[in-house]
Amino acid sequence: MQHLLAALGSLERNLAHLGGRLLVVSGKSTDAIPRLAEGLRVDRVVAQRWSEPFGRERDRRVAAALGPIPFVLHEGETLAPPGTLRTQTGGVYSVFTPFARAFRKSVEIAAPLPAPTLEPLEVSVDTASSPALAELGLRENPRLLPAGERAARTRLADFVSSGLATYDTDRDRMDRAGTSRLSQDLKFGTLSPRAAWCAVRDAEAPEEARERFLTELLWREFAHHTLWDRPELLERPFRADFEGFPWRDDPKGWKAWCEGTTGYPVVDAAARQLLAEGYVHNRARMIAASFLTKHLGIDFRRGEAHYLEWLVDGDWAANDLGWQWSAGCGCDAQPYFRVFHPVTQGQRFDPEGTYVRTWVPELARLPTRHLHAPWEAPELELRAAGVRLGEHYPRPIVDHATARARFLADAKRHLAR
DNA sequence: TTTTGAGTTGTTCGA
DNA sequence: GTCGAACAACTCAAA
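Just so we're aligned, residue 23 is where the first sequence starts under this note's numbering, counting upward by one.
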């Protein structure tokens with residue numbers, strides 16, 4: 023909400039700069055938009071398509087409520103309109119690589135258009151200004167990134183000039199600012215994927231780094247196109263053989279995973295970063311999702327909903343695709359037995375422990391070699407770091423090897439039905 | 001129609 | 001300590 027309001031404020035300033043004006047109305051879109059359209063005596067209502075199921079339903083209802091006034095939807099949420107890429111036999115792509123190959127071959131991405139000129143409104147209508155956070159009973163979170171089109175463009179420019187060159191190697195490092203951090207801008211539409219694509223495509227940076235970023239944009243694209251064609255994926259696993267999987271109900275495990283007290287430092291860091299920042303590093307999301315679904319055996323849809331509730335950048339398409347992939351039931355022909363080791367992953371992608379120390383400060387004084395597995399640290403070192411396991415920081419709620427074996431057995435049994 | 005090549009992100013075990 | 005194989009065989013997409 024904070025990000026949305028700040029983005030609206032930015033839009034209001036930009037419009038004023040162009041001689042326009044942002045009108046704010048409250049109410050259901052099916053009532054408010056027709057009322058405004060009639061009040062302004064417009065000949066059409068123009069909007070950007072929202073391709074996700076919720077948005078499609080909303081657009082359908084608004085169009086119906088507008089009656090004779092045309093409701094014109096433009097593309098822009100994705101690089102190519104969803105539903106336009108098809109296999110040679112007319113089928114829907116279900117594997118990323120062929121989708122990406124076909125996309126690069128057939129889609130030409132033009133530079134974004136300049137801002138339109140605006141005409142002053144001649145009709146006065148009854149509108150409000152957008153509410154302040156406090157009016158909605160919310161407190162400002164100072165950790166959120168600046169929102170709005172200008173902030174997004176600055177972020178893109180900064181990324182292109184400094185982060186892009188090392189993107190292909192640093193993007194996996196949880197302890198570095200190696201990612202673009204553009205996800206919330208793409209989600210809110212304050213940055214178009216075309217602008218990001220063109221800026222990176224035409225940038226002076228190593229080809230591997232540029233290609234890597236463009237591929238990530240295509241993953242976002244793949245998620246939206248896939249959900250467009252198969253909206254039922256928000257409720258069902260992509261892989262039909264995962265239907266009816268024996269997920270566990272583990273209230274204690276669920277609570278620990280949500281609040282960051284599983285005893286696995288990287289998993290806990292991810293949980294706490296989510297609650298604090300509305301953002302989690304991509305690598306940490308995968309580790310957290312793997313832990314919830316595989317170590318704890320909890321249904322991916324619960325983790326998916328939790329992430330969607332807390333993420334600033336959370337959209338249905340990418341979130342669902344990511345969670346299904348992590349759970350092993352998504353668009354991925356890779357085997358189900360790929361279970362992330364939370365300690366190894368931490369050591370590999372947070373080698374100095376910076377990420378863990380930031381989010382799990384009670385372990386901050388522990389030497390790096392024990393940071394990702396504090397239960398294996400000698401008592402003396404724990405004491406020196408001021409850590410008593412079970413008091414300052416929990417012991418692991420599950421044993422990695424045991425949990426892994428349990429999941430593999432469950433999956434093997436279920437998939438062999 | 002049949003064949004062929006390939007598939008984001010990993011871990012463990014044993015030589 | 002390093003390295004390759006096993007994990008399991010399947011489905012997709014294109015030729």
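Quick reminder that beta carbons are idealized off the backbone N, C-alpha and C, glycines included.
- Per DSSP, the beta-bridge partners of H96 are Q70.
- Of T201, V420, D192 and R35, the smallest CA-CA separation from L239 is found for T201.
- With a threshold of 16 other beta carbon atoms within 10 Å, T100 meets it and is buried.
- The secondary-structure analysis by DSSP pairs L411 across a beta bridge with Y415.
- For Y189, the enclosing alpha helix (DSSP H) stretches over residues Y189 to D192.
- Annotation for W250: S73, P104 and G105 place their beta carbon closer than 6 Å to its own, counting only its chain and skipping 5 residues before and after.
- Beyond the five residues adjoining it in sequence on each side, Y358 comes within less than 6 Å, by CB distance, of G350 and A433 in the same chain, given in chain order.
- For V46, the three-state secondary structure derived from DSSP is strand.
- In terms of CA proximity to E281, V382 leads the group A154, M308, L40 and V382.
- Under the 10 Å beta carbon count, M23 is surrounded by fewer than 16 other beta carbons and is classified as exposed.
- Around the beta carbon of K277, fewer than 16 other beta carbons lie within 10 angstroms, which makes this residue exposed.
- Around the C-beta of E398, fewer than 16 other C-beta atoms lie within 10 Å, and the residue is accordingly described as exposed.
- Counting of Cβ neighbours within 10 angstroms places G319 among the buried residues, the total reaching 16 or more.
- Look at A150 here: in three-state DSSP terms it is strand.
- For M308, the enclosing alpha helix (DSSP H) has its first and last residue at N304 to S312.
- With three or more CB-CB distances shorter than 8 Å, the region 210-227 counts as touching the region 169-179.
- Straight-line spacing of the CA atoms in I91 and V67 works out to 7 Å.
- Under the Cβ criterion (8 Å, minimum of three pairs), the region 293-304 counts as touching the region 187-205.
- It is roughly 16 Å from the alpha-carbon of F264 to the alpha-carbon of S116.
- Within the region 247-327, the complete alpha helix (DSSP H) runs of at least 4 residues fall at 273-281, 287-299 and 304-312.
- In the structure shown, C353 falls within a coil segment according to DSSP collapsed to helix, strand and coil.
- Spatial neighbours of D290 in its own chain (CB-CB distance under 6 Å, excluding positions within 5 residues in sequence) are listed in chain order as G282, T284 and V382.
- In the DSSP annotation of this structure, the continuous segment of the alpha helix (DSSP H) that includes I55 starts and ends at S51 to L62.
- Residue state for P364 is assigned as helix, using DSSP reduced to three classes.
- Where R203 is concerned, there is no enclosing alpha helix (DSSP H), because DSSP gives it neither an H nor an E.
- Inclusion of D197 and Y415 in the CB contact set at 8 Å is not warranted, their separation being larger than that value.
- Less than 8 Å divides the Cβ of V46 from the Cβ of A150.
- Rounded to whole angstroms, the separation of the alpha carbons of A217 and P136 is 11 Å.
- A distance of 8 Å or more separates the beta carbons of V288 and G352.
- The C-alpha of A87 lies about 28 Å from the C-alpha of L255.
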